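Participant: Okay, handing you the structure first.
Residue numbers (the working numbering), protein chains in the order written: chain P, 748 to 1136; chain D, 2 to 602.
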C-alpha cells in the first residue's frame, strides 16, 4: 500500500463535491453548472458519488480529511439527505479531522434558507452565500434570482444556524463608481461577517457577459477605475478588521476558509462530481485529475467505468512549480522558496526576486517566506509570470 | 536549330503599372503562340518566385521565346523580356531594356497612365525603344479608350492613334498584339561575322546547372564549347550549354546576332558574373565592350539577426545560399549587445532589403530582426585617418571625429501638379536642395539633391502616400558631402538598445527621436514598473516617453478547479516571453523592432 507523502510543508487534504445544477445560469458564470427542467434523480447521484469516492479513496489511503466543500452549481438545491449520504460515505473512507470544516455554497433565497437546519443536521458547519450585490438593479443585471432584502434575511438565518458563514460580492460592475462601491461594501460589513469573498467581475469566455461586451452592449470600468475599486476594497475591509489573506478573500484571523487554504498552499484534494478537479500525490508523483463535465454523461461514466475521470495526468516538476507559485503567491502569508526547490529541483531566480523587491512588489517575511506586497497584489499575475519564467 | 534570320527576330519588353495586366498579357502571348500547352499554364508564368507573384513585382529578369507565324506568312522569333520594375533595380532594368528594340506600353483603359508607367516608359524611350501602346481591360464597362489615348499623347507624347485594344483576361485582341510586334517593332541589327559581343543581362543560380547566364547577342555567334571572356571581370569560361527559354529551358546549337538566350559555363557563383558585363570570344575578342557597365554597389545597410540566437548557423547558411543567386547584396558578420550574432548586409535599396528579408523568412523559415537601415558614412578622424562607417553602433568617440560625410543622391520626381506642393515640402523636410523644377507634359518634374540617409527610411513610401501613388521617383548616387551628423541612441529603461541607434542630421534629431519614442511607447507592452523610453545625443536626452506600469492584472478567482487552466495560461505566457528580447528588465517583442524601424510621419 502506498504511503502518503508527509513533510514539513503538509498543507492537508480536502474533499471537493460538485453539485452541477442551478435554477438559472448567471450571465457572468463560467462554472460547470446546468439547468434542468424536471427533478434531478438525487438517489442516482448519491450512488455515483459513492462510487467516485471509493475510487479516489483507493488512491489516497490514510489521509485525514481537513475540510469538505460542497460547491457548484448550487449545492443548496440538493436535499439535505443527499449531503448527509455523501458525508457519511466520506467518513467511511477517510478519518475526518476533529475540527473538519464542512462548507456548503448556498443561494440567499428564502426557499434555500428554509433548508439550512437540515444541512446543519447533515453535518455542514459553514455556509458561503452568493449575495453578489447589495443593490437590486445590479442583482438583476447579474442575473440573480434574489432581492437585497431576501438575501439579508437569508444571511440572518445562516448566521443563526451555522457557526461560520461567509458571503460573496462581485465588484467592478458596469457603471460602478468607487464611491458607490464603498457604500455597498460598508453596508455589507455592517453585518459583521467573519469572512467575505470580494471578486472583481471578470468576463469569462463563452458567457453571456462576454457576448454582451463583444457586441458593445456592456462596458466594464476602465483600468484606473478598476484599480480605484480595488483600493477601496482593501481600505474598507482592513478598517473592519477583515484581513486580505488571499487576493479576493478577507477574514478575521482564524476564520479563513480552511478548504481553500488547502488549494492555495498546494495541498492534496480529491474532487468528485461532474467537472470536479483533484490534485493527489501518489508514489509516482502529483496527479492532476478532472472528471467529465456533463452531469448525465458523468453518471454514465461512473456507472460503467467505476469513476468519472477524463483526465488523470502526472505533472512534471516544472508544472508543479508553476502551480505552486500560481497558488501560493495568492496568499498574504506567502510561500516557502525551499518548498519550490523541493518540488522542482531548481531555485527561484535570486536576481528576479531582488528586482521585484526593488520594485516593492514582493518581500520576505520574518519566517523567510516570499510574499507579494500590497502593491504587488493588484499585478499578481505579472509577478507570477516573472518568477515562473 | 540554327541561328535565325535577324530580320525575323523581335525583342521586346512590356512596360506597365502594377495591376494593369503585364503578367496576364505575357501569359496570353505564351498561350496564343502555343509555346505552352494549356495544361502547363499557371498564372503569371514568368514570375516564378512566390514573392513576385504575391507582390506583383518582378525581381529577376526573365525571358521567353515565342515562335509566331505572322500574316505575311513568315515565321518570326519573338523574345519577351520581363524586367524588374522598381527604382532599386534601375540599373538591372536599364540592362534588360538594352537587350530589346521595342516595348509594349500596357495601360489600363479605365485607369490611364500612372506614375510607374511614366518612369518606365521614359526609360524605354531613353533606351531607344520603339513603343507600341496597348490599352488593356477594354471589356470593362469603365473603359474609356479614347480618353486614355489622348492622355498617352498628352502626358507621354506618344502617338496613340493606332494603340492596340485588348482584354488580356478574355483574350480579345491578342492576335493584334502579335501582329503589331512584328510589323511595328524594328528587328535587331548586328554583324554575324564580327567578333562576339554579347550583353550579360542577368544571372541566377540553378541547383542542377550551376549559374545560368541570360545573354543578348549583339555581334558574332555564341556556340557550344566556345571559350569566352567576361570583359569586366576578365574571367574565362568554356560554354557547356546554350539554349533558350520557352519558358522552359531548351538547348540550341548556337545563338546569333539579335538573339536572346542562356548559357552555362561551370560558373560557380553568381558573384562571378556582373549584370551589364560584355561577353566576348576569348581568342578573338571585340575591341570595345558594350557601354554602360556599372558594378553593383550596395547603398543601404542593415543588420539581420535571428530572433532565436540558436538559429544563427541556419541564418548563415541561408544568407550564403541566397547570395549564390543574388550577387547584388553583401554581408559580413556582426555582433550586437542587444541582438547577439547576426550579419550586416548591404542592399541596392529598401525594396531589395525587404525582399531579401522576406525570402530568408519564407524560403528558409527563419524569424529575423532587422535593424534600422543606414548608409555608408565616411568619417575623417582627428588623426587624419579616413574610415567608412557601415554601422552606427561602430561610430568612434565624437572627440576623435574631425568630419562626417554622407552620401547624397540626385532624385528626379515626376508628379501631377496637384501634389507638387506636398512633394516639394517632403523634399525640403528631408534636407533636399532643389536643382530644377520643370514641366513634362502636364506633370511637374522636380530634381532635388537629397542626403541618402533621409531617403532610406521611408521616403518612397511617403512620396507614394502624399501623391496618392502618382509621383514617380528615380535617383542616382552623386557624391559625399560633409554634414552635421550625430549619433542618436535609444534608451529603454535607461539601457541603450544598440540595434536602434542611428546617425541623423542634428536638425532632424529631435523630430526623429520623438517619433521613435512615441512609436516604441505603443509597441512595448506595459510592465509591472514604468518603462522610460529616451532618445539621446551623447548624454543629452532629446525626447522621452513612458510606458505606464499596469495598474491591475490579477485573476480574481483561482480555486482547485481553476489551477489547470491557469497553469496552461502561464505556460503560454512563458513561451511568449521566450520570443521577446530582454533589455535589462524590459521585454521587447520582436515585432516592435521591425515596426519601430518602419517609421511613418
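The beta-carbon is built from N, C-alpha and C at its ideal position, and this holds for glycine as well.
Here the structure is a predicted model, which is why all the values come from computation and not from measurement.
Look up residue 602 (chain D) in the DSSP assignment and say whether it is helix, strand or coil.
Facilitator: Along the second chain, read from residue 1 onward, the residue named residue 602 (chain D) stands at position 601. Since pLDDT at residue 602 (chain D) reaches only 42, below the 50 mark, its modelled position is unreliable, and the value read off the structure follows with that caveat. The answer is coil: DSSP assigns residue 602 (chain D) none of H, G, I, E or B.
Participant: Could you pull out every residue in the same chain whose Cβ sits closer than 6 angstroms to the Cβ of residue 106 (chain D), ignoring the five residues on either side in sequence?
Facilitator: In the second chain, residue 106 (chain D) corresponds to position 105, counting from 1. If we look at residue 106 (chain D) and ignore the five residues flanking it on each side, its Cβ neighbours are 16, 122, 132, 134.
Participant: Just checking, does the region 439-456 of chain D make contact with the region 413-420 of chain D on the three C-beta pairs under 8 angstroms criterion?
Facilitator: Output reads yes: the region 413-420 of chain D touches the region 439-456 of chain D.
Participant: Could you name the residues that DSSP lists as bridge partners for residue 358 (chain D)?
Facilitator: Taking the first residue of the second chain as 1, we reach residue 358 (chain D) at position 357. Note: residue 358 (chain D) sits in no beta bridge, so no partner.
Participant: Taking the straight line between their C-alpha atoms, what separation do you get for residue 883 (chain P) and residue 931 (chain P)?
Facilitator: Indexing the first chain from 1 puts residue 883 (chain P) at position 136. Indexing the first chain from 1 puts residue 931 (chain P) at position 184. For residue 883 (chain P) and residue 931 (chain P), the distance between alpha carbons rounds to 12 angstroms.
Participant: Which ranges does the alpha helix (DSSP H) cover as unbroken runs of at least 4 residues, wholly within the region 804-880 of chain P, from first to last along the chain?
Facilitator: Counting whole runs of 4 or more residues, the region 804-880 of chain P contains the alpha helix (DSSP H) stretches 827-840, 857-860, 863-869.
Participant: Name the residue from P:844, P:849, P:798, P:841 whose alpha carbon lies nearest to the alpha carbon of residue 744 (chain P).
Facilitator: This structure gives no information on residue 744 (chain P), because the portion of chain P shown stretches from 748 to 1136.
Participant: Please identify the residue among P:890, P:852, P:964, P:1022 whose C-alpha is closest to the C-alpha of residue 565 (chain D).
Facilitator: As a working note, residue 565 (chain D) is residue 564 in the second chain. The residue with the shortest Cα to Cα distance from residue 565 (chain D) is P:1022.
Participant: Under 8 angstroms by Cβ, that's how I've got residue 795 (chain P) and residue 1049 (chain P) pegged, so tell me the actual separation to the nearest angstrom.
Facilitator: To locate residue 795 (chain P), count along the first chain from 1; it is residue 48. To locate residue 1049 (chain P), count along the first chain from 1; it is residue 302. Right, the Cβ-Cβ distance comes to about 4 angstroms (below 8 angstroms), so this counts as a contact.
Participant: At a CB-CB cut-off below 8 angstroms, which residues of chain P make contact with residue 586 (chain D)?
Facilitator: The residue labelled residue 586 (chain D) in the question sits at position 585 within the second chain. Result: 1102.
Participant: Pair every Cβ in the region 421-439 of chain D with every Cβ in the region 455-467 of chain D, then say whether three or more of these pairs are closer than 8 angstroms.
Facilitator: Enough Cβ pairs lie closer than 8 angstroms, so yes.
Participant: Going along the chain, which residues of its own chain have a beta-carbon closer than 6 angstroms to the beta-carbon of residue 535 (chain D), five neighbours each way excluded?
Facilitator: Walking along the second chain from the start, residue 535 (chain D) turns up at place 534. Within the same chain, residue 535 (chain D) has close Cβ partners 492, 542, 545.
Participant: Rank P:958, P:890, P:1046, P:967 by C-alpha distance to the C-alpha of residue 771 (chain P) and give the top, closest one.
Facilitator: As a first step, residue 771 (chain P) must be located in the first chain, where it is residue number 24. Residue P:890 is the option with its Cα nearest to residue 771 (chain P).
Participant: With three or more C-beta pairs closer than 8 angstroms as the rule, is the region 555-574 of chain D touching the region 1059-1078 of chain P?
Facilitator: Cβ pair count under 8 angstroms is three or more, so yes.
Participant: Check whether the Cβ atoms of residue 365 (chain D) and residue 319 (chain D) lie closer than 7 angstroms to each other.
Facilitator: Residue numbering aside, residue 365 (chain D) sits at position 364 when the second chain is read from its first letter. Residue numbering aside, residue 319 (chain D) sits at position 318 when the second chain is read from its first letter. Result yes, Cβ atoms of residue 365 (chain D) and residue 319 (chain D) sit closer than 7 angstroms.
Participant: List the residues of chain P whose Cβ lies closer than 7 angstroms to the Cβ of residue 556 (chain D), in chain order.
Facilitator: For this step, residue 556 (chain D) is matched to residue 555 along the second chain. Result: 1128.
Participant: So if I threshold CB-CB distances at 7 angstroms, which residues from the region 1046-1079 of chain P count as touching chain D?
Facilitator: Listed in sequence order: 1066, 1069, 1070, 1073, 1074, 1077.
Participant: Report buried or exposed for residue 399 (chain D), applying the criterion of at least 16 other Cβ atoms within 10 angstroms of its Cβ.
Facilitator: Indexing the second chain from 1 puts residue 399 (chain D) at position 398. It counts as exposed.
Participant: Please specify which runs of the alpha helix (DSSP H), each continuous and at least 4 residues long, are wholly inside the region 497-582 of chain D, giving them in chain order.
Facilitator: Runs found: 507-524, 564-579.
Participant: On the three-state DSSP scale, how would you describe residue 892 (chain P)?
Facilitator: Here residue 892 (chain P) refers to the residue found at position 145 when the first chain is read from its first residue. Residue 892 (chain P) falls in the coil class under three-state DSSP.
Participant: Please report the distance separating the alpha-carbon of residue 505 (chain D) from that of residue 477 (chain D).
Facilitator: The residue labelled residue 505 (chain D) in the question sits at position 504 within the second chain. The residue labelled residue 477 (chain D) in the question sits at position 476 within the second chain. Whole-angstrom Cα-Cα distance: 21 angstroms.
Participant: Of the choices P:954, P:991, P:855, P:1024, whose alpha-carbon is the least far from that of residue 886 (chain P)?
Facilitator: Along the first chain, one-based indexing puts residue 886 (chain P) at 139. Comparing Cα positions, the closest option is P:855.
Participant: Rounded to the nearest angstrom, what separates residue 215 (chain D) and residue 276 (chain D) at their Cα positions?
Facilitator: Counted from its first residue, the second chain places residue 215 (chain D) at position 214. Counted from its first residue, the second chain places residue 276 (chain D) at position 275. Between residue 215 (chain D) and residue 276 (chain D), the C-alpha separation is close to 9 angstroms.
Participant: Could you tell me if residue 80 (chain D) is buried or exposed, where buried requires 16 or more neighbouring beta carbons within 10 angstroms of its beta carbon?
Facilitator: If you number the second chain from 1, residue 80 (chain D) lands on position 79. Residue 80 (chain D) is buried by the Cβ-count criterion.
Participant: In the DSSP assignment, what are the bridge partners of residue 204 (chain D)?
Facilitator: If you number the second chain from 1, residue 204 (chain D) lands on position 203. Per DSSP, D:214.
Participant: Closer than 7 angstroms, CB to CB, is residue 748 (chain P) near chain D or not?
Facilitator: Residue mapping note: residue 748 (chain P) aligns to position 1 of the first chain, counting from 1. For residue 748 (chain P), the predicted structure reports a pLDDT of 37, less than 50, and the residue's modelled location is therefore unreliable. A value from the coordinates is still provided. With 7 angstroms as the cut-off, residue 748 (chain P) does not count as an interface residue toward chain D.
Participant: Is it right to say residue 439 (chain D) is buried, meaning 16 or more other beta carbons lie within 10 angstroms of its own, or is it exposed?
Facilitator: For the purposes of this step, residue 439 (chain D) is identified with residue 438 of the second chain, where counting begins at 1. With fewer than 16 Cβ atoms within 10 Å of its Cβ, residue 439 (chain D) is classed as exposed.
Participant: Checking contacts by CB at 7 angstroms: is residue 981 (chain P) closer than that to chain D?
Facilitator: Along the first chain, one-based indexing puts residue 981 (chain P) at 234. So, not an interface residue.
Participant: Determine whether the Cβ of residue 973 (chain P) lies closer than 7 angstroms to any Cβ atom of chain D.
Facilitator: For the purposes of this step, residue 973 (chain P) is identified with residue 226 of the first chain, where counting begins at 1. With 7 angstroms as the cut-off, residue 973 (chain P) counts as an interface residue toward chain D.
Participant: Would you mind telling me which residues of chain P sit closer than 9 angstroms to residue 575 (chain D), beta carbon to beta carbon, in chain order?
Facilitator: Numbered from its first residue, the second chain carries residue 575 (chain D) at position 574. Ordered by position in chain P, the residues that pass the 9 angstroms Cβ test against residue 575 (chain D) are 1069, 1132, 1135, 1136.
Participant: Rounded to the nearest angstrom, what separates residue 307 (chain D) and residue 376 (chain D) at their Cα positions?
Facilitator: Locating residue 307 (chain D) in the second chain gives position 306, where the first residue counts as 1. Locating residue 376 (chain D) in the second chain gives position 375, where the first residue counts as 1. So the alpha carbons of these two residues sit roughly 22 angstroms apart.
Participant: To the nearest angstrom, how far is it from the Cα of residue 762 (chain P) to the Cα of residue 993 (chain P)?
Facilitator: Numbered from 1 along the first chain, position 15 holds the residue referred to as residue 762 (chain P). Numbered from 1 along the first chain, position 246 holds the residue referred to as residue 993 (chain P). Residue 762 (chain P) and residue 993 (chain P): Cα-Cα distance of roughly 20 angstroms.
Participant: What's the call for residue 237 (chain D), buried or exposed, on a 16-neighbour Cβ count within 10 Å?
Facilitator: Walking along the second chain from the start, residue 237 (chain D) turns up at place 236. By the 10 Å Cβ count, residue 237 (chain D) comes out exposed.
Participant: How would you list, in chain order, the residues of chain D whose beta-carbon sits under 8 angstroms from the beta-carbon of residue 970 (chain P)?
Facilitator: Locating residue 970 (chain P) in the first chain gives position 223, counting from the first residue. The contacting residues are 551, 552, 553.
Participant: Could you pull the DSSP bridge partners for residue 165 (chain D) from this structure?
Facilitator: For this step, residue 165 (chain D) is matched to residue 164 along the second chain. Residue 165 (chain D) is bridged to D:135.
Participant: Could you name the residues that DSSP lists as bridge partners for residue 73 (chain D)?
Facilitator: On the second chain, position 72 is the one that residue 73 (chain D) refers to. Answer is none; residue 73 (chain D) lacks a bridge partner.
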